[in-house]
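So the mapping is simple: our numbering equals the position in the sequence shown, first residue as 1, plus 231. What follows is a short report on a single structure.
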Amino acid sequence: MDVLAIDFGTSSTVGVLSTAGHGPRAVEVDGSVTMPSAVFLNDDGLLVTGRDAERRARLDPSRFEPNPKRRIGEGTLRLGDTDVPVTDAFAAVLRRMGEEAGPAGQTRISHPAGWGAARQEAIRTAAAKAGLPDVRLIPEPVAAAAHYASLGHSGGGPIGVYDLGAGTFDCAVVGVSRQGFAVLAESGLPDLGSLDIDQALLVHIGRAVSHADPAQWQRLLRPRTTADRRTRRALLQDVRDAKESLSRHAQTHVPMPEPFGDVLVSRDELEALVRPSLLRSAELLGTTIRRAGLAPAQLAGIHLVGGPSRMPLLAALLGRQLGVAPTTLDQPETAVAFGLHHVPLGTSDLTVPA
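Below you can see the structure in the form of structure tokens.
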């Protein structure tokens, strides 16, 4: 049976398809294995997704939502002058991935381990609207652990998962057995994700340049016109690009709109901004491991998931805090989607009770 796995993330979505006689392969959307989870409301009422949504956002940013998953608790999104159900936005993203992948007999969708019944039901509703077949929901840390176990990294022992995504931080200890996987303990921080790191870097930059024109800087923070929103969106993208560049380089420039001059930021500055939050996450992972009745040294491994896990500071902090060096892959963004294929499922979903 062909199986489509979808890791529906806050900022990006990854699909992996397995077909009869072939192993799982990443679904490419617009030439990339990651598709922005963004939506844009067209004049005709249709929701455009992915990079098409990002391009159209330049026309009218008020009809654009880059992170619909982060707003699941609101029920509706205000796009332009229209209120759009959050489940419709979710469905548009899931439908696009299904169309790009092609027909499948079963769909597996990941969700944060801490999501209760109501939020899981929102995903089910969206998947039904998207026309996806035989939907199974699987907690993200279970999928991540299954991926690492499939690579022979578990040795049959419990796995620690550190998942730093765009919207939240989640961690879990996942037990591994011949029967499958089980979440032994999980926790998270709703105020720590790559979007929060972006915001911290933006505030830092503002301290350096806002004195040049305080009123104009406030317009960037609280745009009033379409032109303001376009300028803000471009700046946020440049800040995000700078953050990612600092994972590879010691310093980088952030291009700024007039009248502000470009800003040079260093990895040391970024690490000073995020160190307290990352330390909180490392401490929470340690607490979660203890709640599972284990010590870090008893784990088969601690595995990093999510694009922000590339930050050099993170591995160093975790190593010092827990006494165990974590491991990551070249593409931590795809670990959950690939892992969904390796989770054995029975007749019922493998989810965490509310």
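All C-beta atoms, glycine included, are put in the ideal place defined by N, C-alpha and C.
When rounded, the separation of the alpha-carbon atoms in PRO364 and GLY336 is 6 Å. Look at VAL404 here: in three-state DSSP terms it is strand. Excluding its 5 nearest sequence neighbours in each direction, LEU272 has C-beta neighbours in its own chain below 7 Å: LEU278, ARG294, LEU310, GLY311, THR313, VAL315, listed in chain order. Distances from the CA of ASP394 to each of GLY387, VAL404, GLY388 were compared; the closest alpha carbon is that of VAL404.
Sequence-distant partners of HIS480 (beyond 5 residues in either direction) whose C-beta falls short of 8 Å from its own C-beta, in its chain, are ARG498.
Contiguous alpha helix (DSSP H) elements confined to the stretch 435-515 occur at 445-452, 457-476, taking only those with 4 or more residues.
The residues ASP429, LEU432, LEU433, ILE436, VAL485, in chain order, have a CB closer than 8 Å to that of VAL470 in the same chain once the five nearest residues on each side in sequence are set aside. Judged by beta-carbon spacing, ARG327 lies beyond the 8 Å limit of GLY398, meaning their Cβ atoms are not closer than that value.
PRO299 and SER268 have their C-alpha atoms roughly 7 Å apart. In the assembly as shown, ASP427 is a buried residue. Its beta-carbon has 16 or more other beta-carbons within 10 Å.
Runs of the beta strand (DSSP E) spanning 3 or more residues and lying entirely within the stretch 284-330 occur at 307-310, 313-316, in chain order.
Counting the other Cβ atoms within 10 Å of the Cβ of PRO292 gives 16 or more, which makes it buried. Per DSSP, the unbroken alpha helix (DSSP H) holding PRO543 starts and ends at 543-553.
Relative to the Cα of LEU545, the nearest Cα in the group ALA568, PHE569, GLU514, THR518 belongs to GLU514.
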